[in-house]
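Below is one structure; the comments refer to it alone.
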Amino acid sequence: MIAVDSQKRAAADLDELNALALSAGLEPATRVRCRRDRPDPAFFIGSGKADELAKLIESEAITEVVFDQALSAVHQRNLNRLWQVPVLDRTELILEIFARRAQSQEGQAQVELARLQHQSTRLVRMWTHLERQRGGIGVRGGPGERQIELDRRMIETKIRRLRERLTLMAKQRQTRRKARQRQGAFKISLVGYTNAGKSTLFNALAGSNSPAYAADQLFATLDTLTRRVHLAHGMDCVLSDTVGFVRDLPHGLVDAFHATLEETAQADLLLHVLDGSSQERELQAQEVFKVLHEIGAGDIPRIDILNKCDLLNLSPSVHKDPYGRIQKIHISAQERSGIELVRQAAVQYAQSQMHPEALEYQTSVHCSLTDFSTN
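Counting from 5, one number per residue, gives the positions in the sequence shown under my numbering.
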């Protein structure tokens, strides 16, 4: 596993890359940190470092190399040739995880669309070796060039058909959404960085009726799950569990999952679940906010739910500003501790929307995510 960064973040990036590799079914063997201000045109990490790693790959019998960054087709082609092992970049690793985890027809179609879009950018790399073998480099109309054009057309056809399928599924989803709107249901969506505990919180709030799959791994949940949930004081809501976000989430995935993420954009309230025990929580929160703005959900009111407080030896608690508005809630979804505080906070916000004169509630909660103390 290789992380290249001009900042002092390579160690943290490698930790996340390790978790991603495990989620993809790989067995991490060796970590390598590289510092570069800019990518090398030929080998990304420089020819000297590439030669050094070639010896390491051979001596350690490494069978696959994973980069934490997105590689160009040229970089992948050159490294493949030099190292004689498959070279994956971060985008391909995440796509592999998504392909493994997608369960619903819509989820599988979304992942396939993203993979085809990414694959279409790699056609030249896939066929350059044939051109070299047959002396076709620089010759217009060579076998590789013709095959690239055939492959491109085939991929474009598959992409068009997948988009048509997803458009139909999106219309069906919109029909169900309108039905819920006619019922006047209050809509809450769980959002957050992957493995923050969204699905565990979803199960704690929704009960045992068709629980969401929850596991201590990245991207355990891909398919949006929606349930009608009783909150408190006779109030119900429609609760949605969504795919987790991650640093440098491939844009193709955001585009492919746009219809699914619309559930988030249509919510009345977002519960932003954070891993309170993670030292990277502030950066993770920034990544979540970035994607929320991309999908048009940046201005939806949200409450920060600081999960895993048991790992910090903290008790469940609610933190408010001087005006009585909730800023954050410490809970442990795994221990089912503090769940009622979340229910009550959701009810309080819902009531403030139905009766604005009863409670002034800011339209968007923005608090310092560096403040995770008990104060």
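From the three backbone atoms N, C-alpha and C, an ideal C-beta is built for every residue, glycine too. Predicted model, so just to flag it, every value in this text is computed and none were measured.
Residue j beta carbon less than 7 Å from that of residue i
i: Leu92; j: Val70; result: yes
i: Ile330; j: Ile307; result: yes
i: Arg231; j: Ala208; result: no
i: Glu56; j: Thr34; result: no
i: Val242; j: Lys191; result: yes
i: Ala46; j: Asn84; result: no
i: Leu275; j: Leu194; result: yes
i: Gln200; j: Asp279; result: The question names Gln, but residue 200 is Ala in the sequence shown. Going by C-beta atoms, Ala200 is nearer than 7 Å to Asp279.
i: Val250; j: Gly196; result: no
i: Leu273; j: Pro305; result: yes
i: Asp72; j: Asp17; result: yes
i: Leu86; j: Ala54; result: yes
i: Leu24; j: Leu97; result: yes
i: Gly302; j: Pro320; result: no
Exposed unless 16 or more other CB atoms sit within 10 angstroms - verdict on residue i
i: Ser282; result: buried
i: Thr204; result: buried
i: Ser244; result: buried
i: Met5; result: buried
i: His297; result: exposed
i: Arg347; result: buried
i: Gln352; result: buried
i: Thr125; result: exposed
i: His234; result: exposed
i: Glu31; result: exposed
i: Lys332; result: buried
i: Lys324; result: exposed
i: Gln88; result: exposed
i: Asn311; result: buried
i: Leu315; result: exposed
i: Gly328; result: exposed
i: Ala7; result: buried
i: Gln109; result: exposed
i: Leu117; result: buried
i: Thr161; result: exposed
i: Lys202; result: buried
i: Glu153; result: exposed
Three-state secondary structure assigned by DSSP to residue i
i: Ser281; result: coil
i: Gly238; result: coil
i: Val1; result: Given that the chain is displayed from residue 5 to residue 379, the structure contains no residue 1 and the question cannot be resolved.
i: Gly60; result: The sequence shown places Leu at residue 60, not Gly. Looking at Leu60 - three-state DSSP - the assignment turns out to be helix.
i: Ser336; result: strand
i: Ala177; result: The sequence as given places Arg at residue 177; Ala does not occur at that position. Here Arg177 sits in helix by DSSP.
i: Ala331; result: Here residue 331 is Gln; the residue named in the question, Ala, does not match the sequence. Of the three classes helix, strand and coil, the one that applies to Gln331 here is strand, per DSSP.
i: Ile6; result: strand
i: Gly196; result: strand
i: Ser377; result: Bear in mind that a pLDDT of 47 at Ser377, under 50, signals an unreliable position, so the number given afterwards is only what the model happens to contain. Note: Ser377 maps to coil in three-state DSSP.
i: Ser341; result: strand
i: Asn317; result: coil
i: Asp44; result: strand
i: Ser356; result: helix
i: Arg306; result: strand
i: Asp17; result: helix
i: Ser203; result: helix
i: Thr125; result: coil
i: Ser108; result: coil
i: Lys324; result: strand
i: Ser27; result: helix
i: Val78; result: helix
i: Thr67; result: coil
i: Lys312; result: coil
i: Val351; result: helix
i: Asp72; result: coil
i: Thr34; result: coil
i: Thr161; result: helix
i: Val91; result: strand
Integer-rounded CB distance, given that residue j should sit under 8 Å from residue i
i: Leu229; j: Phe206; result: 7 Å
i: Gly50; j: Arg40; result: 7 Å
i: Ala269; j: Gly238; result: Actually they do not touch by this definition, with Cβ atoms about 28 Å apart.
i: Arg42; j: Ala74; result: That pair is no contact at about 14 Å.
i: Leu253; j: Val322; result: Their Cβ separation, rounded to whole angstroms, is 31 Å, which puts Leu253 and Val322 out of contact at 8 Å.
i: Ala28; j: Arg104; result: 7 Å
i: Leu120; j: Ile163; result: 5 Å
i: Gln123; j: Ile159; result: 6 Å
i: Phe48; j: His79; result: 4 Å
beta-carbon residue i near the ligand SAM non-hydrogen atom, thresh 6 Å
i: Leu345; result: Here there are no bound small molecules, and the ligand SAM is not part of this structure.
query = With a cut-off of 8 Å, do at least 3 Cβ pairs link the segment 279-294 to the segment 58-70?
reply = Touching, no.
query = Just checking, does the segment 166-181 make contact with the segment 249-259 on the three C-beta pairs under 8 Å criterion?
reply = With the cut-off at 8 Å, the segment 166-181 and the segment 249-259 do not touch.
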